[in-house]
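Here is the structure we will look at, set down as structure tokens.
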Amino acid sequence: MKNSLMVKTGGVYLGLSMVSNFINLLLTPIYTNNLTLVEYGSYSIITSYQSLFSIFIALGIFSGMKRFFNEYDDKNRLKNIALTFSFIWGAVIYALSLIFAGRLASVMFAAEAHGVEYIGYIVISTLLLCIISIYTAYYSMQYKALKASLIEIAKLGLTLAFALLFVVAKDGGIIGILKSQCLSYIIVLSILFLADYRHIRIEWGKGELKDMLSYGIGMAGASDFLEWLLTLVDRYFLKAIMGYATVAVYSIGYKVGMLIMPFLVTPFINALIPYKYSVYKDKDGKRKLEELFDLYNIVGWFAVLGISIYANITIKILATDDYSQAFMIVPFIVMAYLLDGSCEFYSLGIHIEKKVFLNLAIPGVATLLNIMLNLALIPRIGAYGAAISTLISYFAMTIMYYFGGRVYYRMEIGVGRFFKAGIPFFAVYTLYLFFEFHRMDMLLEFFYNLMLVTLYLFISFAFGFVPKSYTVILSSIIKDKLGKREAVEDEDRSL
1187 MKNSLMVKTG GVYLGLSMVS NFINLLLTPI YTNNLTLVEY GSYSIITSYQ SLFSIFIALG
1247 IFSGMKRFFN EYDDKNRLKN IALTFSFIWG AVIYALSLIF AGRLASVMFA AEAHGVEYIG
1307 YIVISTLLLC IISIYTAYYS MQYKALKASL IEIAKLGLTL AFALLFVVAK DGGIIGILKS
1367 QCLSYIIVLS ILFLADYRHI RIEWGKGELK DMLSYGIGMA GASDFLEWLL TLVDRYFLKA
1427 IMGYATVAVY SIGYKVGMLI MPFLVTPFIN ALIPYKYSVY KDKDGKRKLE ELFDLYNIVG
1487 WFAVLGISIY ANITIKILAT DDYSQAFMIV PFIVMAYLLD GSCEFYSLGI HIEKKVFLNL
1547 AIPGVATLLN IMLNLALIPR IGAYGAAIST LISYFAMTIM YYFGGRVYYR MEIGVGRFFK
1607 AGIPFFAVYT LYLFFEFHRM DMLLEFFYNL MLVTLYLFIS FAFGFVPKSY TVILSSIIKD
1667 KLGKREAVED EDRSL
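Count along the sequence shown starting at 1, add 1186, and that's the number in the working numbering.
Given below as structure tokens:
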């Protein structure tokens, strides 16, 4: 039952995540064609501030709700407690933002004329997103993948519609983008409240709130802050050392590299989180999770290849010629996020035992390493230095989670097992660079890349980089399909 729910939920998340990603991709050319290179770099910095604000405003309460969702019988009460706290805390944050907006703007945006306005939109949007995230978590933990995914699709779809009005038609620039996001969140939250109005109550529970906040702030919140530093601090070094234009090019490459999130990592992890907490105590729980880890590797490295070799074409479609070199950044980013997804397996023992210090120390060390690498590499090789720093830091974090997590919950999913599945990718991508396919006409490059994908699949299966169990399953499916086809042909001939 749990396995079928996992597969069904993962399939729904994947399908609808692709829809969300398509809408998100449509936003990219709108932004790059209506903002200058410097403005797009500035907007990238603003989005990183939004991520930072969300950590302090949300306090990880929706993560805490996920963690303790299966430990309380009254799920609706747990949701209402999270909503009640978020409204109270949100009101405090909004009041503080009104008082300190001017000072924050001078620190964060210096000479930017619209700094105070940026702060206002950032705070309001983040408050709305926090409450929306509670509903997303509430539905996802009940395996209601359709509802959880439709929330994201609605947010992006409305943002796209408003962006066409405020950014394209009215030439609103960065303010137009922020206004579009804010209005879309207001509409989505209004719909969620209307759909749930019969079940919404002002509720307060010290025990539940203590559990959610202790995990949300201690485990998830602090960890999210360190990961924010790990993920986004490179923009600040690039801005300070190289300027906004380099930030813009790097951000486009980063965005394409992050396509692995909606295509694989996010739907997989959304399905994995409720599943792993429900099966890890089972007698065969470890075996089930190990099989999922192998599946994640197989599909993950294939996604890494596809995104990396088609990055050049994607960037040509999404952006102007100013961003042409961004494709070289993509492989580093896409591998980094594949590693990040694997940490959901490696860190399970740490989360089960609530090892707060260890969960903070690991991303903390990785963040410190990232900062040192950025300072060393960005002055020498610019955006490539930031990308390399990101990959090395995520690799270090994965190694630490592996050794830390297996102390409390030991599974046979070594890091070597992870990278073995990636050997065909390194071989094939080397050929892509050696023959300089990226210099070809887009249509020609597209078909040559298909040849590389075929070569990748051949190497993976022929040389044992895919576990035998999956090879046997695939062979049986192919034989079954061929057998049915031959039976139909024989029947046709007899007629």
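Glycine included, every Cβ here is placed at the ideal spot set by N, Cα and C.
Say whether chain D places a C-beta atom closer than 8 Å to the C-beta of residue i.
i       : result
Phe1379 : Annotation note: the requested chain D is absent from the structure, which comprises a single protein chain.
For the alpha helix (DSSP H) containing residue i, list its first residue and its last residue.
i       : result
Asn1635 : 1628 to 1648
Asp1260 : No alpha helix (DSSP H) holds Asp1260; DSSP gives it neither H nor E.
Met1521 : 1516 to 1532
Phe1454 : 1452 to 1465
Tyr1371 : 1359 to 1382
Tyr1482 : 1471 to 1495
Val1705 : With the chain covering 1187 to 1681 only, the question about residue 1705 has no answer from this structure.
Lys1356 : No alpha helix (DSSP H) holds Lys1356; DSSP gives it neither H nor E.
Glu1225 : 1223 to 1244
Ala1296 : First-last for Ala1296: undefined, no H or E at that position.
Asp1397 : 1392 to 1399
Pro1653 : Unbroken run through Pro1653: none, as it is neither H nor E.
Leu1559 : 1542 to 1567
Ile1247 : 1247 to 1254
Glu1539 : No alpha helix (DSSP H) contains Glu1539, which DSSP labels as neither H nor E.
Tyr1695 : Here the chain has residues from 1187 to 1681 only, and residue 1695 is not among them.
Val1601 : 1601 to 1606
Do residue j and residue i count as a contact pair if the criterion is CB distance below 8 Å?
i       : j       : result
Ala1489 : Ile1446 : yes
Val1442 : Thr1506 : no
Asp1397 : Phe1254 : yes
Ala1244 : Ser1319 : yes
Ile1305 : Leu1290 : yes
Ala1552 : Met1583 : yes
Ser1234 : Leu1418 : yes
Lys1474 : Val1485 : no
Met1428 : Ile1564 : yes
Leu1450 : Leu1478 : no
Phe1623 : Glu1631 : yes
Asp1420 : Thr1576 : yes
Ala1562 : Ile1519 : no
Asn1266 : Arg1387 : yes
Gly1308 : Ile1232 : Just to set this straight, residue 1308 is Ile in the shown sequence, not Gly. Yes. Within cutoff.
Gly1492 : Val1639 : yes
Tyr1422 : Ile1515 : no
Residue i: buried (16+ other C-beta within 10 angstroms of its C-beta) or exposed?
i       : result
Phe1513 : buried
Met1597 : buried
Lys1136 : The question about residue 1136 has no answer here: the residues shown for the chain are numbered 1187 through 1681.
Ser1292 : exposed
Phe1690 : The question about residue 1690 has no answer, for the chain in this structure spans 1187 to 1681.
Gly1227 : buried
Val1278 : exposed
Leu1559 : buried
Asn1556 : buried
Gly1393 : exposed
Ala1334 : buried
Leu1415 : buried
Ala1331 : buried
Ile1663 : Note that Ile1663 scores 49 on pLDDT, short of 50, meaning its location in the model is unreliable and no value can be drawn from it.
Trp1487 : buried
His1385 : exposed
Cutting at 6 Å between CB atoms, please list the residues of its own chain near residue i, excluding the five before and the five after it.
i       : result
Glu1539 : Tyr1594
Tyr1532 : Tyr1587, Tyr1588, Gly1591
Tyr1229 : Ile1360
Ile1373 : Leu1344
Leu1301 : The residue asked about is misnamed: residue 1301 is Gly in this sequence, not Leu. For Gly1301, where only same-chain residues beyond five positions count, the Cβ hits under 6 Å are Ala1291, Phe1295.
Val1674 : Here the model assigns Val1674 a pLDDT of 47, short of 50, so the residue's position is not dependable and the matter cannot be decided.
Kindly list the residues whose CB is nearer than 8 Å to the CB of residue i, restricted to its own chain and excluding five residues on each side of it in sequence; keep chain order.
i       : result
Leu1641 : Val1614, Leu1617
Val1354 : Ile1216, Asn1220
Ile1337 : Ile1318, Tyr1321, Thr1322, Tyr1325, Val1374, Leu1378
Phe1286 : none
Leu1504 : Leu1211, Thr1214, Pro1215, Thr1218, Ile1438, Val1442
Looking only at its chain, what residues have a beta carbon closer than 7 Å to the beta carbon of residue i, apart from the 5 residues adjacent to it on each side?
i       : result
Val1205 : Ile1339
Phe1411 : Ile1241
Ile1363 : Tyr1217, Tyr1229, Ala1349, Val1353
Leu1399 : Leu1245, Ile1247, Gly1250
Ile1455 : Gly1527, Glu1530
Thr1312 : Gln1236, Phe1239, Ser1240, Ile1243
Phe1208 : none
Leu1534 : Lys1462, Tyr1466, Gly1591, Tyr1595
Lys1341 : Ser1370, Tyr1371, Val1374
Is the segment 1240 to 1251 touching the segment 1430 to 1441, taking contact as three or more C-beta pairs under 8 Å? no
Are the segment 1540 to 1550 and the segment 1559 to 1572 in contact at 8 Å, needing three or more beta carbon pairs? no
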